[in-house]
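Asker:
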Amino acid sequence: MGVGSASQSFSATWGAPLGGLLIGPAFLALAAVMWFGSLEIITPGAPTPLFDKSALTPGGLRPRMDEPPTSLIGGYNQRCNDCHQVFTSRFDPSRPPSQHTHIHFDHGINDSCTNCHARKNRERLILRDGVEIPFNEVATLCQQCHGPVYRDWKRGTHGKTMGSWQMGSPAQRRLVCTECHDPHAPTYAPMVPLPGPNTLHMGERAEVVHQKPERNPLRRWTTPARDADPHPINEEHN
Amino acid sequence: MRLPVVKNQESVHSSASSCGDGCTCSGGANPYTGSTRPGMTRRSFLRRGAAVTGGLAALAASLSPLRDLDGDDIPSVQKFLQKHYKEMSGEEMEEALARIRKEVEKRYDVRPDIRDFKPMDGVEFVYGLNLSRCIGCRKCVHACVAENNQSRDPEIQYIRVLEMPRGSVDIEDGDHSYDRATVPDENHYYMPIQCHQCANPPCVKVCPVEATWQEDDGITVIDYDWCIGCRYCEAACPYWARRFNFAKPTLPKADLNPNMAYLSNRPREKGVMEKCHFCLQRTRQGRLPACLEVCPTGARKFGNILDPQSEVSQILKTKRVFVLKADVGTLPRFFYYFDERDPISDIPLEASSEHAGESA
Amino acid sequence: MKDYLIFLWRCARLSFRGNWKYYTWMFILTAIALLGLNAYTKQLVAGLVTTGMTDQVSWGLYIANFTYLVGVAAAAVMLVIPVYIYKNRELHDLVILGELLAVAAIIMCLLFVTVDLGRPDRFIHLLLRFNFPISMLTWDVLVLNGYLVLNLHICGYLIYCAYHKRQPSKIFYIPFVFLAIGWAITIHTVTAFLYSGLGGRPFWNSAVIAPRFIASAFAAGPAIIILTLQIIRHATQYPVADAALHLLRRIVTVALSINMFLLGSEVFTEFYTGSAHSVSARYLFVGLHGHHALVPWIWSAIFLNTGALFVLLTPLSRRLWILNLACAAMIVGIWIEKGMGLIVPAFIPSPLGEIVEYTPTANEILVCLGIWAFGLLLYTIFVRITVPVLQGHLTADSDSTDIPQQVDAS
Ligand code: SF4
Ligand code: SF4
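Heads up: the protein sequence lines correspond to chains A, B and C, in order. Going letter by letter, the first sequence gives residues 35 to 272 in our numbering. Going letter by letter, the second sequence gives residues 79 to 438 in our numbering. Going letter by letter, the third sequence gives residues -3 to 406 in our numbering.
(1) Given a cut-off of 8 Å, decide if A/Thr212 and A/Val172 are closer than it, judged by their beta-carbon atoms.
(2) Should C/Gly43 and B/Ala325 be called a contact, given that it needs their Cβ atoms to be closer than 8 Å?
(3) Measuring only from the beta carbon, is B/Pro286 closer than 7 Å to any heavy atom that is part of ligand 2?
(4) Against chain B, with Cβ distances strictly below 8 Å, would C/Glu266 count as a contact?
(5) Determine, using beta carbons only, whether B/Lys379 and B/Glu389 come nearer to each other than 8 Å.
(6) At least one CB of chain B closer than 8 Å to the CB of A/Lys154: is that the case?
(7) Quick check on A/Met68: buried or exposed, where buried means 16 or more other Cβ atoms within 10 Å of its Cβ?
(8) Are B/Tyr268 and B/Val223 touching if we call contact CB-CB under 8 Å?
(9) Quick one: which chain A residues come within Cβ less than 8 Å of B/Lys196?
(10) If you check the beta carbons only, do C/Val73 and C/Ala211 fall under 8 Å apart?
(11) Within the stretch 323 to 372 of chain C, note down every full alpha helix (DSSP H) run reaching 4 residues or more, in order along the chain.
(12) Please state whether DSSP places A/Ser105 in a helix, a strand or coil.
(13) Short of 7 Å in beta carbon distance, which residues of its chain neighbour C/Leu90, apart from the five on each side in sequence? Order them along the chain.
(14) Is B/Tyr310 near ligand 2, judged by its Cβ being under 7 Å from some heavy atom?
(15) At the 8 Å Cβ level, is C/Thr37 part of the contact set with chain B, yes or no?
(16) Find out if the Cβ-Cβ distance for the pair C/Gly196, B/Ala314 is shorter than 8 Å.
(17) Can you give the Cα-Cα distance for C/Arg380 and C/Leu10, rounded to whole angstroms?
(18) In terms of residues, what are the limits of the beta strand (DSSP E) holding B/Pro270?
(19) Need the endpoints of the alpha helix (DSSP H) that A/Val199 sits in, please.
(20) Indicate the three-state DSSP secondary structure (helix, strand or coil) for B/Gly296 in the structure shown.
(21) What did DSSP end up calling A/Leu228 once you bin it into helix, strand or coil?
(22) Roughly how many angstroms lie between the CA atoms of A/Ala240 and C/Glu353, to the nearest whole one?
(23) So that I know if they touch, is there some Cβ in chain A lying closer than 8 Å to that of C/Leu430?
(24) May I have the straight-line CA-CA distance separating B/Gly364 from A/Met196, to the nearest angstrom?
(25) Using three-state DSSP, classify B/Glu169 as helix, strand or coil.
(26) Ends of the beta strand (DSSP E) at B/Met338?
(27) Rounded to whole angstroms, what's the CA-CA distance from B/Lys164 to B/Phe195? Just pull it up for me.
(28) Could you give the distance in angstroms between the alpha-carbon of B/Ala107 and the alpha-carbon of C/Ala188?
(29) Quick one: is A/Gln177 near chain B, going by C-beta distance under 8 Å?
(30) For B/Gly206, which of helix, strand or coil comes out of DSSP?
(31) Can you pull out the residues from the stretch 109 to 125 of chain C whose beta carbon lies closer than 9 Å to at least one beta carbon of chain B?
(32) Shorter than 8 Å from the beta carbon of B/Asp257 to some beta carbon of chain E?
(33) Looking at chain A, which residues of the stretch 267 to 297 of chain B have a Cβ within less than 9 Å of any of its Cβ atoms?
(34) If you reduce the DSSP assignment to three classes, tell me which class A/His165 lands in.
(35) Relative to the C-alpha of C/Tyr19, which candidate in C/Ala231, C/Ile222 and C/Ile247 has its C-alpha closest?
(36) Out of curiosity, what's the CA-to-CA distance linking B/Arg419 and B/Pro243?
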């Protein structure tokens, strides 16, 4: 059974040219490669783009207004009635107002100041039946038109609650209508979105297919005008 | 059985000496180190030595990247012996918290207020999200990152906001990295997704070491000191809610939120899993999650489903709600709902003059 | 006891002896294994960021290799069953080589799982809080280690008996052999359940995964054994009958046909229904939204497998070199189908519909190669020891210098 070529013993092998001469140096070369080889780490990629941290302030978008605001006129903070006792303005929707021009007014068919502001006492709001209410009861005013929303707000299913999730906790506070909506233009203005995700293979931004038109079930029914101009809101506000 | 063998000169020589008749080496003598034995040639010894040295050097060199191992990555004895969360006694938890406090202080120069908040009695948390209101501003995403000390680089975020084409509720149609000058876009609606805190969580089932479990208030938590990083839970989650620390998480010292809990937003290490925990360091103290408090539209609602007066109970009672992927049987505690009217798509009909504002 | 230690010592010594071919082969394997170790230490330092895996595709090459090797390990029963159940003669002397392959494969499996862990330093947690029987992964840990122990026992016992020129006593190994037969099916079934038990991954959530795993394993495993046996036959004086190879060829043919059938059923179900659940399959076979990294892979796998099947079904494959070609094609084909083709697409698109493709990094590939090299190294050593023992060249009272050398280089 003994086959000569296959029967060299241990030392014979080590005496053979390859085994003896090369293995040691080859291992050393390998060692050198690994020792000096750099610790190549894929950089985790660009961090999230910076954005204005004030965007993350919790709470409503607008200040709470329990009291009517004051205006700085002639170096003094004037209350509403300081002027309006003298000037009884009348609002004609067809003419732009000469005062309060900073107010962007866009409230649908509710297009007259005195629908909400009491004509006789500008520091109060007025209901349809002529009852005057203070500013901090503004929800009562809004609910005259926005019944379902008011109902939801009462239940807590519309609007925003701050402080605590525990019902009845003193820390809990439900924001009122005007802490989120501008009463003169209640629809939300478009917002600049904060940066999108960049977690993907921790380097290059994901090559995500933005539009998958073939998967849009409405494609067949959307009007050509909309198809041609998919981002009307963007362009308006760019 | 002896075999007739043809040997060359040297081999005869050496084999006869190192392993002679009766095989002396079988008694335990080492033929490799028998350098003093007669007959072992100097040359073969040198060669053998070179090979062994080379091999050992290569072995050492192959381990050489360990030079760069971060000291923080080598677990201290205390950490190594630390028990599973559920097995720790009060004292042991205090010790663990003290250790974490020290580690955080060393790394971030901030003394954290870290505690171990337990679930409250009679509380089961549920989240509601109003798809008619969400405008896709991603404030929740970044408020969560800030509150929960997620890694900034590589970036880890718990919430994904999907921009969905109108006419579809299939999340596969969503766009994750929409990048618009302003939102919302009238042809889309927005669907934020985070951990749904399933009542029947597949992620918990699969974890081989029970490093993740569901607490009594419904929050599925992870013991970051117990997770072995197998990522099975990540594969099991149908909502892609879990995030793995592929590298050492980094965040600027100034951005660290020092109010933390053991099971939630304390700084994580590389190689462990993390996920949304409904901000338990806040919610178990009665506060609201960070994503909710920053949401500019009030699309997010959070509360105790066992309290019939709570907002979420009201939502479930009065709104049409749905859960994502109901077919996988996870029983999410995260409900999406709609309003009667959708303010984003409120495009007046030309023919109609009754653009009556907010009425349903 | 002392006797046993001497046996081990002699085995260890024997593994360092061989002719220059043996040394070259062993050197190359050691070098690759060390490079793999080097790559792994890099991964230890930097984290799994050194791999191509992401939160979207959270399992990659490591788990793919693991799955494949579980199959190879399980396939050893394809030698055991004919011998112990059907009393086949040709395979009788080869069984142990198959079982040793299983041992090496299981060790590689365990290594692949270990390198996939984010915190290998916490391995001990598996012992302290073992989520059994809820987590399928714990089942896998149990059955894999159990299978390893079983096979180590069977092989070790038989080899040790041969070393002592003793007739092995049946009671000490026959029950274990039968246990191992059942166990082999179990390891691969449990591994399949690991995937098919996940409701959130429709691509995996299919009852056919387990049978498919077994079928593909019983094709690829014996194919590997066919090649290995021939290498052993060339490199040593160990007798391997052609008849044995042809028996294995028949096993491979049947298993491969079943595998292709199951794959076909799967493809039909996915594509004919065309439901939303088939997106991953569409990604795999035809690409999705302009992403098609895996398409060439799966089609080459299908091409290799059908080619191999075709060859195997014809008399052509009676010629050994053609059989070898077919086996090689099939080994590669099934590796792709089961590894890249089964693990990766389940993650694409992600559960939230995001398409992030997966490409393994060089470091990751090096780690895999290192483990493969280490496994081959182990297997070579096993064979190096076993062959002389079984042939009676290395026995308790023999002189170990006269053992014929063997080379296990291809
Ligand atoms: S959403 Fe995912 S991570 Fe969260 S509980 Fe459910 S399965 Fe687990
Ligand atoms: S990654 Fe951690 S938490 Fe997830 S299954 Fe593995 S050990 Fe459990």
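All residues carry an ideal CB built from backbone N, CA and C; glycine is no exception.
Answerer: Reading it off the structure:
(1) Taking the first residue of the first sequence as 1, we reach residue 172 of chain A at position 138. Taking the first residue of the first sequence as 1, we reach residue 212 of chain A at position 178. Closer than 8 Å, so yes.
(2) Residue 43 of chain C sits at position 47 when you count from the first residue of the third sequence. Residue 325 of chain B sits at position 247 when you count from the first residue of the second sequence. A contact, by the Cβ cut-off of 8 Å.
(3) Locating residue 286 of chain B in the second sequence gives position 208, counting from the first residue. Because some heavy atom of ligand 2 lies under 7 Å away, the Cβ of B/Pro286 counts as near it: yes.
(4) As a position in the third sequence, residue 266 of chain C is number 270, starting the count at 1. With 8 Å as the cut-off, C/Glu266 does not count as an interface residue toward chain B.
(5) Locating residue 379 of chain B in the second sequence gives position 301, counting from the first residue. Locating residue 389 of chain B in the second sequence gives position 311, counting from the first residue. For B/Lys379 and B/Glu389, yes; Cβs fall inside 8 Å.
(6) Reading the first sequence from its first residue, position 120 is the one you call residue 154 of chain A. With 8 Å as the cut-off, A/Lys154 does not count as an interface residue toward chain B.
(7) Locating residue 68 of chain A in the first sequence gives position 34, where the first residue counts as 1. Under this definition A/Met68 is a buried residue.
(8) Indexing the second sequence from 1 puts residue 268 of chain B at position 190. Indexing the second sequence from 1 puts residue 223 of chain B at position 145. Against a cut-off of 8 Å, the Cβ pair of B/Val223 and B/Tyr268 comes out as no contact.
(9) Residue mapping note: residue 196 of chain B aligns to position 118 of the second sequence, counting from 1. Here the premise fails: no neighbours, minimum Cβ distance about 16 Å.
(10) Walking along the third sequence from the start, residue 73 of chain C turns up at place 77. Walking along the third sequence from the start, residue 211 of chain C turns up at place 215. Against a cut-off of 8 Å, the Cβ pair of C/Ala211 and C/Val73 comes out as no contact.
(11) Those alpha helix (DSSP H) runs which fall completely within the stretch 323 to 372 of chain C and span 4+ residues do not exist here.
(12) The count along the first sequence starts at 1 and reaches residue 105 of chain A at position 71. In the structure shown, A/Ser105 sits in a strand (DSSP, three-state: E or B).
(13) Indexing the third sequence from 1 puts residue 90 of chain C at position 94. Shown here for C/Leu90: same chain residues with a beta carbon closer than 7 Å to its own, the five before and five after excluded, namely Leu75, Leu225, Val236 and Ala240 in chain order.
(14) Numbered from its first residue, the second sequence carries residue 310 of chain B at position 232. At a threshold of 7 Å, B/Tyr310 counts as near ligand 2, since its beta carbon sits closer than that to one of the ligand's heavy atoms.
(15) Against the third sequence, residue 37 of chain C aligns to sequence position 41. So, interface residue.
(16) Along the third sequence, one-based indexing puts residue 196 of chain C at 200. Along the second sequence, one-based indexing puts residue 314 of chain B at 236. A Cβ-Cβ contact shorter than 8 Å links C/Gly196 with B/Ala314.
(17) On the third sequence, residue 380 of chain C is found 384 positions in, with the first residue counted as 1. On the third sequence, residue 10 of chain C is found 14 positions in, with the first residue counted as 1. About 7 Å.
(18) On the second sequence, position 192 is the one that residue 270 of chain B refers to. Residue range His266 to Ile271 is occupied by the beta strand (DSSP E) that includes B/Pro270.
(19) Looking up residue 199 of chain A in the first sequence gives position 165. According to the sequence shown, residue 199 of chain A is Trp rather than Val. Following the DSSP letters along the chain, one finds A/Trp199 in no alpha helix (DSSP H), marked with neither H nor E.
(20) Counting from 1 along the second sequence, the entry for residue 296 of chain B is found at position 218. The answer is coil: DSSP assigns B/Gly296 none of H, G, I, E or B.
(21) For the purposes of this step, residue 228 of chain A is taken as the residue at position 194 of the first sequence. In the structure shown, A/Leu228 sits in coil (DSSP, three-state: anything other than H, G, I, E or B).
(22) Position 206 of the first sequence, counted from the start, is the residue given in the question as residue 240 of chain A. Position 357 of the third sequence, counted from the start, is the residue given in the question as residue 353 of chain C. Unreliable positioning characterises A/Ala240 in this predicted model, as indicated by a pLDDT of 37, which lies under 50. A coordinate reading is not provided.
(23) Here chain C comprises residues numbered -3 to 406, so residue 430 of chain C is not present and cannot be evaluated.
(24) One-based indexing of the second sequence puts residue 364 of chain B at position 286. One-based indexing of the first sequence puts residue 196 of chain A at position 162. Those two C-alpha atoms are separated by around 11 Å.
(25) What you label residue 169 of chain B is simply residue 91 of the second sequence in a count that begins at 1. B/Glu169: helix per DSSP, three-state reduction.
(26) Translated into the one-based positions of the second sequence, residue 338 of chain B becomes position 260. Boundaries of the beta strand (DSSP E) harbouring B/Met338: Asn337 to Ala339, taken from the DSSP string.
(27) Here residue 164 of chain B corresponds to residue number 86 of the second sequence, with the count starting at 1. Here residue 195 of chain B corresponds to residue number 117 of the second sequence, with the count starting at 1. In a straight line, the C-alpha of B/Lys164 is about 13 Å away from that of B/Phe195.
(28) Mapped onto the second sequence, residue 107 of chain B falls at position 29. Mapped onto the third sequence, residue 188 of chain C falls at position 192. The predicted position of B/Ala107 is uncertain, since its pLDDT is 36 and thus under 50; no value can be drawn from it.
(29) Working through the first sequence from its first residue, we reach residue 177 of chain A at position 143. Not an interface residue.
(30) The count along the second sequence starts at 1 and reaches residue 206 of chain B at position 128. Under the three-state reduction of DSSP output, B/Gly206 falls in the strand class.
(31) Those would be Val109, Asp112, Leu113, Gly114, Arg115, Pro116, Asp117, Arg118, Phe119, Ile120, His121, Leu122, Leu124 and Arg125, in chain order.
(32) Checking the listed chains, one finds no chain E in this structure; the protein chains it contains are A, B and C.
(33) For the stretch 267 to 297 of chain B, which is checked against every Cβ of chain A, not one residue is closer than 9 Å.
(34) On the first sequence, residue 165 of chain A is found 131 positions in, with the first residue counted as 1. For the record, residue 165 of chain A in the displayed sequence is Val; it is not His. Here A/Val165 sits in coil by DSSP.
(35) Along the third sequence, one-based indexing puts residue 19 of chain C at 23. Nearest of C/Ala231, C/Ile222 and C/Ile247 to C/Tyr19, Cα basis: C/Ala231.
(36) The residue you call residue 419 of chain B lines up with position 341 of the second sequence. The residue you call residue 243 of chain B lines up with position 165 of the second sequence. Each residue's alpha carbon lies about 18 Å from the other.
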